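Read through the structure below, which is laid out as structure tokens, and then see the notes.
2 protein chains.
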Amino acid sequence: MKSICAVEGVYAAGIKEGKFGLALIRAKGTAAAVFTKNLFVAAPVILMKERMENGFLDGVIVNSGNANVYTGEQGLLDARRMAEIAAEAFSTTPDKIGVASTGVIGRFLHIDIIEDQCKRIAPLLKHDEEAGINAANAIMTTDLFPKHAICERPGFTVAGIAKGSGMIAPNMGTMLAFIYTDADFTKDELKSALLVAADRSFNRVVVDGDTSTNDCAFITATGLKGKADFGEFCSALEEVCISLAKQIAEDGEGATKMIEVTVRNAPSEEDAAEIARTVVGSPLVKTAVYGEDPNWGRLIAAAGRAGVVFDPDAVTVSISDGDVTVVLARKGEILADDKIHPDALLKAKGLMHGKKIFIDIDLDYGEYSATAWGCDLTEKYVEINGKYTT
Amino acid sequence: MKSICAVEGVYAAGIKEGKFGLALIRAKGTAAAVFTKNLFVAAPVILMKERMENGFLDGVIVNSGNANVYTGEQGLLDARRMAEIAAEAFSTTPDKIGVASTGVIGRFLHIDIIEDQCKRIAPLLKHDEEAGINAANAIMTTDLFPKHAICERPGFTVAGIAKGSGMIAPNMGTMLAFIYTDADFTKDELKSALLVAADRSFNRVVVDGDTSTNDCAFITATGLKGKADFGEFCSALEEVCISLAKQIAEDGEGATKMIEVTVRNAPSEEDAAEIARTVVGSPLVKTAVYGEDPNWGRLIAAAGRAGVVFDPDAVTVSISDGDVTVVLARKGEILADDKIHPDALLKAKGLMHGKKIFIDIDLDYGEYSATAWGCDLTEKYVEINGKYTT
């Protein structure tokens, strides 16, 4: 089973009607969540930041098609009403319901549609693969494919679904992730594990650098498989989050290639991550990858403006398609150019034809590494986001 | 006279042959400069950071077509050689020569071409409008038009030339500016005035957010008109730098519209500038402007992720074409949408047809303002930067 219902105690249902979708996921357990850092936050995020303090969920309700942002008091009332609707369906109380929204900013929710959809799908809640897939489909907006990830470890399973990243979509952005495990952990353990995993996955995806008002990731532990090793769990959770993050990068608007940037031997993991994010987010790097150009000048120029101190003369830059690796420049020496090293340049150009491009930047200035994911910048991105009108 | 030779004591010459251009500007006086903050810096920047300590220039030599970056010891020797070549032409010593380069990264300079071009244009150095225009043309790479600015004040003049911004160009990026005044100031006065003016102009232009390895701005005061009021000079210098910055934004690669974002009533000028830069640099804002969509959801989402603390409920957002202004949202209330305020939305859409779009974000959370400039993001930008190959 590939989706969230591979986790014991997780029941899902979903429906998508035109641009309005609704997912219900019932899973009783300790829970934690992380939210967008944008100052402008959606009404459900305001509500959840407070509610998640109690560290327990009986399930979540998620609508797509309307983000419930910039909707004032009415928006908060609507988010609360969503919790009530789901609580009724799950026979519990609204304070044990997670609420999330994604879609257009600045419109009031059609709460009647949500209520109607909920009534129709609540009887369909199931603990099987199809149910998880339906839920993942229901939360999509402009995503081209649903995102599932699963990691099975001895004694427990971690699985999650997600939808498209950041503000990639025209007014319809948002990254949402719902992750489950049947291992038993306290809310504090879940929170600390999720913070680290999200930082190493979702927070390292750059599609266009815009951060949504609605981003959130929830984790619920049903505990039905009992206690598990915390380190083992953290590693499984990170694996699931990274898989979802990479799928989000691959599905970036208009993307033709996935870009993975790894920065190695940095003074700290934070520094490595900052450089990796800056490189993968650089419009010049993104367009070079689109044009299949191994333009290492743009790579070092982007690395150099990340605000991290390192020794530019110590840096080695290479690219790979996953099989073949070409070192482009090492410690101030150019190793791939059209004059002195035309063969290496040709080889580098060849491997840029792949669908996944791996960029490796070795700072030789410390011992920490970090990886970030993104996608190329294409005319299609401009078309999608420029031609869309309010 | 519209170019730098309007300043007493400034003589210029320039030549452009294919992609290789050379400008000579002779102007004897106190001088100061500001440089790129990128860790990877061009050889001439390394040289100039040290040389400009003495605060005096007899002139500058600038080549286009090769950035002299990632060229190691040879690059430094070449930058020094450029200073020698110009010193010979100006009958002075190399330590009084400013050197700047723009063009491709990772290639050794064709110093023979530079020497030959210098020999041919040195006899053409003139104190007239055409000479200034020739110099501005010579430093262009992918710029579509040369950039001149002048401000005449009682008793003195400030004038400058510049070339394209940031890393906007395919491997050929860089913002260079050469500014002159005939007022008399010390190097410390020039330095402090230039730091403030550059911060309020060049540092507030975002074309694609990439920072070049070669960016620099030089100012020389010939002093031929004697002492002037320092405050008056600072204001004239800022006017010239802002004019050049706006021209750079207008000439962004593939741009069809100039975007000016003003953030008002912020806790500090720095905060206001950070928000203005974030909004004007947002790919979603840039594509919305390209698509002529008054998409205020993207404006507030970008403002909210700038890393500045303010009260989202106090914000007012409006747009203008310079004549007509439409308030889109005020303190949590939507004032232009397709449901309740369709007339205002229609009016807002209408003024998006202009070539210059002014965005005003009033935080009502302090008393400081800042403006940033940029341009829209178009398929043409992707084409220019994606289709270019090393």
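Line by line, the protein sequences are chains A and B.
Note that the working numbering numbers the first sequence so that position 379 is 377, with each residue one more than the last.
Note that the working numbering numbers the second sequence so that position 125 is 123, with each residue one more than the last.
Beta carbons: idealized from backbone N, C-alpha and C, even for Gly.
As the structure is a computational prediction, the values presented were derived from the model and not from experiment.
6 Å Cβ shell around residue i - same chain, five flanking residues per side excluded
i: A:V380; result: none
i: A:K225; result: D182
i: A:V8; result: I2, A25 and Y178
i: A:A300; result: T276, V277, S280 and V283
i: B:A21; result: G12, V60, A133, A136 and I137
i: B:A304; result: E272, I273 and T276
i: B:K244; result: W371
i: B:A120; result: A87
i: B:D269; result: V306
i: A:G16; result: none
i: A:V39; result: T211
i: B:S199; result: C239, I240 and A243
Cross-chain neighbours of residue i in chain A, by beta carbon under 7 Å
i: B:S280; result: D208
i: B:T285; result: V380, N383 and G384
i: B:P310; result: L37 and F38
Neighbour list for residue i in chain A, Cβ cutoff strictly below 9 Å
i: B:K47; result: Simply none; closest approach about 14 Å.
Top-ranked residue by Cα proximity to residue i, from the options
i: B:R49; options: B:R78, B:E71 and B:K26; result: B:R78
i: B:E377; options: A:Q115, A:P281, A:E82 and A:L333; result: A:P281
i: B:V259; options: B:G96, B:C373 and B:V97; result: B:C373
i: A:P292; options: A:A136, A:I111, A:L343 and A:P121; result: A:L343
i: B:I112; options: B:E150, B:Y9 and B:N61; result: B:N61
i: B:K414; options: B:M256, B:F54, B:V205 and B:R202; result: The question about residue 414 of chain B has no answer, for chain B in this structure spans -1 to 388.
i: B:F154; options: B:L192, B:N132 and B:G221; result: B:G221
i: A:A65; options: A:L375, A:V102 and A:G229; result: A:V102
i: A:T285; options: B:E248, B:G302 and B:K385; result: B:K385
i: A:V238; options: A:I359, A:A81 and A:R151; result: A:R151
i: B:G70; options: B:T139, B:S318, B:T184 and B:A41; result: B:A41
i: B:T172; options: B:L375, B:V322, B:F33 and B:T323; result: B:F33
i: B:K14; options: B:S89, B:Q115 and B:G158; result: B:Q115
i: B:S266; options: B:K117, B:S89 and B:A368; result: B:A368
i: B:D56; options: B:N36, B:I23, B:L37 and B:K35; result: B:I23
i: B:K185; options: B:R296, B:A30, B:E248 and B:E331; result: B:A30
i: A:R296; options: A:V58, A:G73 and A:A327; result: A:A327
i: A:A195; options: A:L37, A:T90, A:I240 and A:G53; result: A:I240
i: A:M389; options: A:G252, A:G27, A:D319 and A:H108; result: Here chain A covers residues -1 to 388 and nothing more, so residue 389 of chain A does not appear.
i: B:I338; options: A:H339, A:G104 and A:L349; result: A:G104
Closer than 8 Å at the beta carbon, the chain A residues around residue i
i: B:I332; result: Y68 and G104
Chain-ordered neighbours of residue i on chain B, where CB pairs are closer than 8 Å
i: A:N36; result: A299, G302 and R303
Beta-carbon neighbours of residue i, restricted to chain B and to distances below 9 Å
i: A:A327; result: Y68 and G104
Within chain B, the residues that residue i reaches when beta carbons sit closer than 7 Å
i: A:D335; result: G104
i: A:T179; result: Those do not exist, as A:T179 stays about 30 Å from chain B at its closest Cβ, beyond 7 Å.
8 Å CB neighbourhood of residue i in its chain, flanking five on each side removed
i: B:L174; result: V60, A98, T100, I137, A160, K161, N212, D213, C214 and A215
i: A:D362; result: N263, D309, A312, V313, T314 and K329
i: B:K124; result: C3, Y9, A10 and A11
Any C-beta of chain E under 8 Å from that of residue i
i: B:D126; result: Looking for chain E here will not work: the only protein chains present are A and B.
Spatial neighbours of residue i in its chain, beta-carbon cut-off 7 Å, leaving aside the 5 residues before and after
i: A:A191; result: F231, C232 and L235
i: B:E127; result: M(-1), K0, S1 and C3
i: A:E6; result: D180, T220, L222 and K223
i: A:L122; result: A11
**Study point:** Under 9 Å (Cβ pairs) to chain B, residues found in the region 292 to 304 of chain A
**Key:** P292, N293, W294, G295, R296, I298, A299, A300, A301, G302, R303 and A304
Point to revise | Secondary structure, beta strand (DSSP E): runs of 3+ residues fully inside the region 335 to 361 of chain B | key: 354 to 360
Review point. What residues from the region 376 to 387 of chain B come within 7 Å of chain A, judged by C-beta to C-beta, listed N to C?
Key: T376, E377, V380, E381, N383, G384, K385, Y386 and T387
Review point. Considering only residues of the region 254 to 286 of chain A, which uninterrupted beta strand (DSSP E) runs meet the minimum length of 3 residues and lie entirely inside it, listed in chain order?
Key: 256 to 264
**Study point:** Within the region 5 to 85 of chain A, ranges of the beta strand (DSSP E) (whole runs, at least 3 residues)
**Key:** 9 to 15, 18 to 33 and 54 to 64
Practice item. Could you name each continuous alpha helix (DSSP H) segment of 4 residues or more that falls completely within the region 126 to 158 of chain A, going from the start of the chain to the end? Key: 127 to 136
**Study point:** Residues of the region 191 to 222 of chain B whose Cβ lies closer than 8 Å to any Cβ of chain A, in chain order
**Key:** D206, G207, D208, T209, S210 and T211
**Study point:** Whole beta strand (DSSP E) elements within the region 170 to 250 of chain A, 3-residue minimum
**Key:** 174 to 179 and 214 to 219
Check your understanding: Which full runs of the beta strand (DSSP E) of 3+ residues lie inside the region 304 to 335 of chain A, going along the chain?
Key -> 314 to 318 and 323 to 328
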